[in-house]
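Participant: Residues 116 to 185 (our numbering) make up the sequence shown, in order.
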Amino acid sequence: MEYNTSSKQPDCLTDKQIETLRQYIKECPNPYTENDPEIRTLDGELDTKRFSAYYAIKTLTKYGIPFETA
116 MEYNTSSKQP DCLTDKQIET LRQYIKECPN PYTENDPEIR TLDGELDTKR
166 FSAYYAIKTL TKYGIPFETA
């Protein structure tokens, strides 16, 4: 039996989790970016909706997973 070892997606990132991350992106039109001071220092209060979308974008990008499904 041959296994596909070229996939970057970790086993712990399930389809349900991917859909949740995509939903975070859909729900927030203005997520944080790397340039936002809140992200660079993590000082003060973070907007959880914006941070969730930021994290989702970062995670999906890292593993080459599209943000939306066709």
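Beta carbons: idealized from backbone N, C-alpha and C, even for Gly. From a predicted model like this one, the values you see are computed outputs, not experimental measurements.
1. What do you get for Pro146, buried or exposed, if any count of 16 or more other CB atoms within 10 angstroms of its CB means buried?
2. For Leu136, which three-state DSSP category applies?
3. Near Thr120, which residues of its chain fall below 6 Å by C-beta distance, leaving aside the five closest residues on each side in sequence?
4. Would you call Tyr169 buried or exposed, if buried means 16 or more other Cβ atoms sit within 10 Å of its Cβ?
5. Let's test the definition: count the other Cβ atoms within 10 Å of the Cβ of Tyr178 and tell me whether it reaches 16, buried, or not, exposed.
Facilitator: Walking through what the data contain:
1. buried
2. helix
3. The predicted model places Thr120 with a pLDDT of 44, which falls under 50 and marks its position as unreliable, so this point remains unresolved.
4. buried
5. exposed
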